[in-house]
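Position 233, counted from 1, in the sequence shown is what the numbering used here calls 233; the numbers after and before it change by one each time, with no gaps. Read the structure below first, then the notes.
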Amino acid sequence: MGDPAVPLFSGAAVSDGFGRVVAAVVCGALLLSCIVAFSYLESLHATRGEFYALSLFSAAGMCLLAQATDLIVVFISLEVMSLAVYALCAYLRRGKRPAEAAFKYFILGSFASAVFLYGAALAFGATGSTRLADVAIAVGRGGPAGTGGLLYGAAALLTSGFAFKVAAVPFHMWVPDVYDGAPAPVTGFMAAGVKAAAFAVLVRILVSGFGPAGDQVVLDWSRLVVWLAGLTMLVGNLLAIPQRSVKRMLAYSSIAHAGYLLIAVASMQRSGAVRADATQGLLFYLASYAATIIGAFGVVAVIERRLALTGSADDLSSWSGLSERHPGLAAAMSLFMISLAGVPPTAGFMAKLTVFRAGIEAGLTPLAVLGVLTSVAGLYYYLRVVVYVYMYPSGKGEAVQSGRLLSAGLAIAGCALIVLWMGIQPGTFAALTQSAATSFGR
1 MGDPAVPLFS
11 GAAVSDGFGR
21 VVAAVVCGAL
31 LLSCIVAFSY
41 LESLHATRGE
51 FYALSLFSAA
61 GMCLLAQATD
71 LIVVFISLEV
81 MSLAVYALCA
91 YLRRGKRPAE
101 AAFKYFILGS
111 FASAVFLYGA
121 ALAFGATGST
131 RLADVAIAVG
141 RGGPAGTGGL
151 LYGAAALLTS
161 GFAFKVAAVP
171 FHMWVPDVYD
181 GAPAPVTGFM
191 AAGVKAAAFA
201 VLVRILVSGF
211 GPAGDQVVLD
221 WSRLVVWLAG
231 LTMLVGNLLA
241 IPQRSVKRML
251 AYSSIAHAGY
261 LLIAVASMQR
271 SGAVRADATQ
281 GLLFYLASYA
291 ATIIGAFGVV
301 AVIERRLALT
311 GSADDLSSWS
321 GLSERHPGLA
331 AAMSLFMISL
341 AGVPPTAGFM
351 AKLTVFRAGI
361 EAGLTPLAVL
371 GVLTSVAGLY
381 YYLRVVVYVY
391 MYPSGKGEAV
401 QSGRLLSAGL
411 AIAGCALIVL
421 WMGIQPGTFA
431 ALTQSAATSF
441 GR
């Protein structure tokens, strides 16, 4: 992770520590999601090679997206990732929901891509280049005469384009329906991989392209990100509270977690040690969230398979008495819920701690306090799942069949171990990312 940066494609991308960590998170998410999907698809008699080919295509786009330093390469990798994910959402051709989810994601995703392209065009018009290094030089000099407005417009549009991908408010409308309609293993991969890649390229554009020149802030984009973070944390948590479907609850929860990650992004407007701490907090959060959300959707996949076989509806009542039917799944789901809530000694607690600390160091104390308060509110809907799992009586004796759950169980157990390891021994992962965080954006 700490090896020197290596230019790729004649400087259109770079293999640096930051990009390598994000690529490792994406590849880990791909592996765990495919392991979950193996038994899930087999039980529904839907195993086809196209699923894994599309997953590999999307992961390749994510990895290149995290390392792109040219806006044209960013767009190409964005489309490689997005088109494969659209197809994965509609992979299960059972009923209307998967097709509706994919179509809605495609239409709104195309709009977000158009917004990004408009921002890239403004950046090119103001600087004469699509390379982030050239954009940074122009921003540091204040840009050619009369181009200040173009640079501000470019930063705003580029941020808005990727705010859609990270599910920030008010660009979050697609998330509940898409997460609910897509197969559970695909939803877990989207929540982990797409979010990691989108945050990586958003940070690279803002810091490497529109970041401060030394200690001097020429173009202050942090105010926009601060407002996005505050709205996203509030709206995500408030809308998750009344949800009865666990998949929709996790969808709104992912919106809230995007808000916490945006605290780290806003903190990167500062330079030096503050930016390094914020970068390290962002990388830690992305890794811990990936393990937690894939594990949670792995358990959801097991329950979803049973619901598909019995024709039952997705509701909290379907989780009643899970501890009696399958104690292992119940314990794993409870661990993932308390990690998402930020309760020690889990990875989620350490992730939120590092992000909030970075916000305070950057002078964003009110935003960090808002993050703490919304995290407390989030305890309600996370612990409600645990209550149904352990304290409500079992339904009609519907047992989770374990004949084809070996691969899903291995993935869920692996995610649980990662969540505990990153919560109890956070210094190990922090050491892996320290050099990447220190060197990024210098």
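Just so you know, even glycine gets a beta-carbon here, dropped at the ideal spot from N, CA and C. Quick caveat, the model's predicted, so the values are computed rather than measured.
Within the same chain, show all residues whose beta-carbon is closer than 7 Å to that of residue i, passing over the 5 residues directly before and after it, in chain order.
| i | result |
| --- | --- |
| Met249 | Ala240, Gln243, Tyr381 |
| Ala278 | Ala264, Ser267, Met268, Ala358, Ala362 |
| Ala60 | Val80 |
| Leu443 | Past the edges of the chain, shown from 1 to 442, lies residue 443, and the structure says nothing about it. |
| Val175 | Ala167, Ala251, Ser254, Ile255 |
| Val386 | Ser334, Met337 |
| Ala430 | Gln280, Phe284 |
| Leu54 | Ala84, Ala87, Leu88 |
| Cys34 | Tyr52, Ser55 |
| Ile360 | Ala368 |
| Tyr392 | Ser320, Gly321 |
| Ala416 | Gly295, Ala332, Leu335 |
How is the alpha helix (DSSP H) around residue i delimited, first residue to last?
| i | result |
| --- | --- |
| Val265 | 246-267 |
| Leu8 | Per DSSP, Leu8 belongs to no alpha helix (DSSP H); it is in the beta strand (DSSP E), 6-8. |
| Ser15 | Premise fails: Ser15 lies in the beta strand (DSSP E), 13-15, not in any alpha helix (DSSP H). |
| Pro176 | 175-181 |
| Phe162 | 148-165 |
| Leu228 | 222-240 |
| Ile424 | 406-424 |
| Ser323 | 322-325 |
| Phe189 | 184-189 |
| Leu202 | 195-203 |
Would you say residue i and residue j are within 8 Å of each other, going by their C-beta atoms?
| i | j | result |
| --- | --- | --- |
| Gly295 | Ala332 | yes |
| Gly49 | Gly188 | no |
| Gln269 | Asp315 | no |
| Ala114 | Leu158 | no |
| Gly209 | Ala136 | yes |
| Thr365 | Asn237 | no |
| Val26 | Gly193 | yes |
| Ala200 | Val22 | yes |
| Met190 | Ala182 | yes |
| Ser77 | Leu64 | yes |
| Ala163 | Phe171 | yes |
| Ala196 | Ala154 | no |
| Phe349 | Val343 | yes |
| Leu8 | Gln67 | yes |
| Phe448 | Gly161 | Residue 448 lies beyond the stretch modelled for the chain, which goes from 1 to 442, so this question has no answer here. |
| Ser288 | Ala368 | no |
| Val203 | Leu282 | yes |
| Gly140 | Tyr260 | no |
| Ser339 | Thr292 | yes |
Quick one: grab the DSSP three-state call for residue i.
| i | result |
| --- | --- |
| Val369 | helix |
| Ala291 | helix |
| Asp277 | helix |
| Pro344 | coil |
| Arg270 | coil |
| Ala362 | coil |
| Arg93 | coil |
| Ser394 | coil |
| Val169 | coil |
| Gly311 | The predicted model places Gly311 with a pLDDT of 49, which falls under 50 and marks its position as unreliable; any figure quoted below should be read in that light. Here Gly311 sits in coil by DSSP. |
| Thr47 | coil |
| Gln434 | helix |
| Arg305 | helix |
| Gly211 | coil |
Return the chain-ordered list of same chain residues with a C-beta closer than 6 Å to the C-beta of residue i, the five sequence neighbours on each side being excluded.
| i | result |
| --- | --- |
| Ser58 | Met81, Ala84, Val85 |
| Ala138 | Thr127 |
| Val447 | In the structure as shown, the chain starts at 1 and stops at 442, and residue 447 therefore has no counterpart that could be examined. |
| Asp70 | Ala12, Thr130, Arg131 |
| Ala436 | Met1, Gly17, Phe18, Val21 |
| Ala102 | Tyr86, Cys89, Ala90 |
| Val6 | Ser15 |
| Gly378 | Asn237, Ala341 |
| Trp319 | Tyr388, Val389 |
| Asp450 | A question about residue 450 goes unanswered here, because the residues of the chain that appear run from 1 up to 442. |
| Lys396 | In this predicted model, Lys396 has a pLDDT of only 49, less than 50, meaning its place in the structure is not dependable enough to derive any value. |
| Ala290 | Val25, Ala29, Ala192 |
| Pro98 | Ala90, Leu92, Gly181 |
Based on DSSP bridge pairs, tell me the residues matched to residue i.
| i | result |
| --- | --- |
| Asp70 | Arg131 |
Less than 8 Å between C-beta atoms, sequence neighbours within five positions excluded: which residues of the same chain meet that for residue i?
| i | result |
| --- | --- |
| Gly311 | With a pLDDT of 49 at Gly311, under the threshold of 50, the predicted position of this residue should be treated as unreliable, though the coordinate-derived value follows. Correct list: empty, nothing qualifies. |
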